[in-house]
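Counting in the numbering used here, the sequence shown runs from 3 upward without gaps.
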Amino acid sequence: MSSQNKGISLRHTPDNIGYRLIEIPAELQELLESSTPPILSIEASDTAAVLRTPNKAYSLRQKNTSNALMLLSPNNSPDSPEQTLAAISTIHETVELEEYHEPEKKEAPKAKLSGKWHERFGKAR
3 MSSQNKGISL
13 RHTPDNIGYR
23 LIEIPAELQE
33 LLESSTPPIL
43 SIEASDTAAV
53 LRTPNKAYSL
63 RQKNTSNALM
73 LLSPNNSPDS
83 PEQTLAAIST
93 IHETVELEEY
103 HEPEKKEAPK
113 AKLSGKWHER
123 FGKAR
(Lines of atoms letter the chains of each structure in order from A and count residues from 1; the text may use other names and numbers.)
(Lines give C-alpha, C1' and ligand atoms only; values in the text may rest on other atoms or scores of the structure.)
Protein backbone atom coordinates (compact mmCIF):
# COMPACT_ATOMS: atom_id res chain seq x y z
CA MET A 1 0.00 0.00 0.00
CA SER A 2 1.36 3.40 -0.95
CA SER A 3 1.72 6.16 1.62
CA GLN A 4 1.96 8.86 -1.05
CA ASN A 5 -0.11 11.99 -0.47
CA LYS A 6 -2.97 12.36 -2.98
CA GLY A 7 -2.64 16.16 -2.97
CA ILE A 8 -5.55 18.56 -3.26
CA SER A 9 -8.43 17.85 -5.64
CA LEU A 10 -9.33 20.59 -8.11
CA ARG A 11 -12.88 20.93 -9.42
CA HIS A 12 -14.07 23.24 -12.19
CA THR A 13 -17.18 25.04 -10.92
CA PRO A 14 -17.52 28.39 -12.74
CA ASP A 15 -19.90 30.86 -11.11
CA ASN A 16 -20.47 32.97 -14.27
CA ILE A 17 -19.85 36.30 -12.52
CA GLY A 18 -17.23 37.60 -14.98
CA TYR A 19 -14.29 38.74 -12.85
CA ARG A 20 -11.72 41.35 -13.91
CA LEU A 21 -8.35 41.72 -12.24
CA ILE A 22 -6.99 45.26 -11.92
CA GLU A 23 -3.26 45.92 -11.58
CA ILE A 24 -2.92 49.02 -9.43
CA PRO A 25 0.20 51.10 -8.74
CA ALA A 26 1.74 50.83 -5.25
CA GLU A 27 0.85 54.45 -4.41
CA LEU A 28 -2.84 53.81 -5.15
CA GLN A 29 -2.78 50.63 -3.06
CA GLU A 30 -1.34 52.59 -0.12
CA LEU A 31 -4.04 55.22 -0.55
CA LEU A 32 -6.82 52.60 -0.60
CA GLU A 33 -5.42 50.81 2.47
CA SER A 34 -5.04 54.06 4.47
CA SER A 35 -7.23 54.89 7.47
CA THR A 36 -9.21 57.36 5.33
CA PRO A 37 -9.52 55.82 1.85
CA PRO A 38 -10.73 58.24 -0.84
CA ILE A 39 -13.82 58.01 -2.97
CA LEU A 40 -12.94 56.88 -6.50
CA SER A 41 -14.88 57.70 -9.65
CA ILE A 42 -14.74 56.44 -13.23
CA GLU A 43 -15.30 58.87 -16.10
CA ALA A 44 -15.11 58.66 -19.87
CA SER A 45 -12.50 60.47 -21.94
CA ASP A 46 -11.95 60.62 -25.70
CA THR A 47 -9.45 57.75 -25.60
CA ALA A 48 -10.14 55.62 -22.49
CA ALA A 49 -12.03 55.25 -19.24
CA VAL A 50 -10.40 57.28 -16.45
CA LEU A 51 -10.26 56.31 -12.77
CA ARG A 52 -10.03 59.44 -10.62
CA THR A 53 -8.74 59.86 -7.07
CA PRO A 54 -8.74 63.27 -5.33
CA ASN A 55 -5.16 63.95 -6.52
CA LYS A 56 -4.51 61.80 -9.60
CA ALA A 57 -6.16 60.18 -12.57
CA TYR A 58 -5.42 56.83 -14.20
CA SER A 59 -6.47 55.54 -17.61
CA LEU A 60 -7.78 51.98 -17.71
CA ARG A 61 -6.27 49.73 -20.39
CA GLN A 62 -7.18 46.11 -21.03
CA LYS A 63 -4.26 43.71 -21.47
CA ASN A 64 -4.72 40.25 -22.93
CA THR A 65 -2.48 37.49 -21.62
CA SER A 66 -1.45 34.30 -23.38
CA ASN A 67 -1.41 32.43 -20.06
CA ALA A 68 -4.79 32.18 -18.39
CA LEU A 69 -5.16 32.94 -14.68
CA MET A 70 -7.43 30.66 -12.67
CA LEU A 71 -9.33 32.13 -9.73
CA LEU A 72 -9.53 29.44 -7.02
CA SER A 73 -11.76 29.12 -3.97
CA PRO A 74 -11.74 26.57 -1.12
CA ASN A 75 -14.42 23.96 -1.73
CA ASN A 76 -14.65 21.91 1.44
CA SER A 77 -17.73 19.75 1.83
CA PRO A 78 -19.06 18.66 5.23
CA ASP A 79 -19.69 15.23 3.68
CA SER A 80 -16.03 14.68 2.82
CA PRO A 81 -12.93 15.31 4.96
CA GLU A 82 -10.93 15.67 1.73
CA GLN A 83 -9.59 19.17 1.05
CA THR A 84 -10.58 20.48 -2.42
CA LEU A 85 -10.27 23.67 -4.48
CA ALA A 86 -12.77 25.00 -7.00
CA ALA A 87 -11.73 26.88 -10.13
CA ILE A 88 -14.49 29.51 -10.21
CA SER A 89 -13.19 31.59 -13.12
CA THR A 90 -10.56 31.56 -15.85
CA ILE A 91 -9.25 35.02 -16.70
CA HIS A 92 -7.54 35.85 -20.02
CA GLU A 93 -7.28 39.63 -19.64
CA THR A 94 -6.42 42.11 -16.92
CA VAL A 95 -6.99 45.84 -16.54
CA GLU A 96 -3.90 48.01 -16.15
CA LEU A 97 -3.87 51.52 -14.69
CA GLU A 98 -1.57 54.11 -16.27
CA GLU A 99 -1.19 57.68 -15.03
CA TYR A 100 -3.50 59.90 -17.08
CA HIS A 101 -2.68 63.46 -18.10
CA GLU A 102 -5.40 65.75 -19.41
CA PRO A 103 -4.88 66.52 -23.10
CA GLU A 104 -4.14 70.13 -23.91
CA LYS A 105 -7.09 71.95 -25.40
CA LYS A 106 -6.33 73.29 -28.84
CA GLU A 107 -8.23 76.08 -30.48
CA ALA A 108 -9.86 75.35 -33.79
CA PRO A 109 -7.86 76.79 -36.68
CA LYS A 110 -9.25 80.02 -38.10
CA ALA A 111 -10.57 79.82 -41.61
CA LYS A 112 -8.40 81.60 -44.13
CA LEU A 113 -10.10 83.93 -46.52
CA SER A 114 -8.71 83.48 -49.97
CA GLY A 115 -9.73 84.40 -53.46
CA LYS A 116 -10.88 87.72 -54.84
CA TRP A 117 -14.54 87.32 -53.90
CA HIS A 118 -13.64 86.98 -50.20
CA GLU A 119 -11.27 89.92 -50.40
CA ARG A 120 -13.96 92.18 -51.83
CA PHE A 121 -17.20 91.02 -50.25
CA GLY A 122 -16.47 88.60 -47.39
CA LYS A 123 -15.21 91.15 -44.87
CA ALA A 124 -18.30 93.35 -45.22
CA ARG A 125 -20.71 90.53 -44.23
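Ideal placement from N, C-alpha and C gives every residue a C-beta, glycine not left out.
Query: Sequence-distant residues of its chain with Cβ nearer than 7 Å to Lys-58 (five each side left out); Result: Glu-101
Query: Beta-carbon proximity check, Leu-99 vs Leu-62, cutoff 9 Å; Result: yes
Query: Beta-carbon proximity check, Ile-90 vs Thr-38, cutoff 9 Å; Result: no
Query: Distance, Thr-67 Cα to Ser-75 Cα; Result: 22 Å
Query: Buried or exposed (CB count within 10 angstroms, at least 16 for buried), Leu-53; Result: buried
Query: Burial state of Tyr-60 (16 or more Cβ within 10 Å); Result: buried
Query: Span of the alpha helix (DSSP H) around Leu-30; Result: 28-34
Query: Endpoints, beta strand (DSSP E) assigned at Lys-65; Result: 59-76
Query: Ile-44 to Pro-111 span [Cα, whole Å]; Result: 32 Å
Query: CB contact flag (Thr-92, Met-72, <9 Å); Result: yes
Query: Glu-25, DSSP secondary structure in three states; Result: strand
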